[in-house]
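Student: Let me begin by handing over the structure; questions about it come next.
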Amino acid sequence: MTESVPRRLDLGQDVQGWMWQDGTVHLAFRCENPVAADLDRPYVEIHVWGDFRLTDRTLPSMHRARLDIALKAAKGAVTAYPCRNPIAFPSAEVLKEAGR
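Residue numbering for the sequence shown is 144 to 243, as defined by the working numbering.
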């Protein structure tokens with residue numbers, strides 16, 4: 144992971160997001176389920192990063208690809224856990240703006 148200051152992504156009220164200068168994406172959202180309550184860990188966190196020496200970390204397409212991967216993992220986590228609370232994931236248009 145990187146030590147730089149992240150850029151906050153506007154992904155709506157249910158999903159918080161950040162992107163670091165090296166392209167690392169971090170998503171977090173509240174997931175209400177019995178296991179999370181027992182562990183006192185109500186948030187699910189998703190991190191996606193890659194070897195920035197192999198990709199141009201300034202490319203919007205790389206930012207968007209990592210954001211898409213993180214969102215797919217987040218949606219999978221909601222189904223797998225499952226989360227009892229409804230979670231509004233960002234629309235394709237919101238993601239397009241966030242990934243720039």
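C-beta: ideal position from N, C-alpha, C; glycine also.
If you're wondering where the values come from, they're calculated on a predicted model, not measured in any experiment.
#1: In chain order, what are the residue ranges of uninterrupted alpha helix (DSSP H) at least 4 long that sit wholly in the stretch 164-223?
#2: With a Cβ-Cβ cutoff of 8 Å, do Val191 and Val221 count as a contact?
#3: With DSSP collapsed to three states, give me the class of Leu152.
#4: Here's the rule I'm using: 16 or more other beta-carbon atoms within 10 Å means buried, otherwise exposed. How should Gly219 be labelled?
#5: Candidates Ala217, Glu236 and Trp161: which alpha carbon is nearest Ile230's?
#6: Using DSSP bridges, identify the partner residues of Val158.
#7: Could you pull out every residue in the same chain whose Cβ sits closer than 6 Å to the Cβ of Lys239, ignoring the five residues on either side in sequence?
#8: Here's a check: name, in chain order, each residue in its chain whose Cβ is nearer than 6 Å to the Cβ of Tyr224, leaving out the five neighbours to either side.
#9: Nearest-angstrom Cα distance between Ala179 and Glu236?
Tutor: Checking against the coordinates, here is how it stands:
#1: 177-182 and 203-223
#2: no
#3: strand
#4: exposed
#5: Ala217
#6: Phe172
#7: none
#8: Cys174 and Asn176
#9: 31 Å
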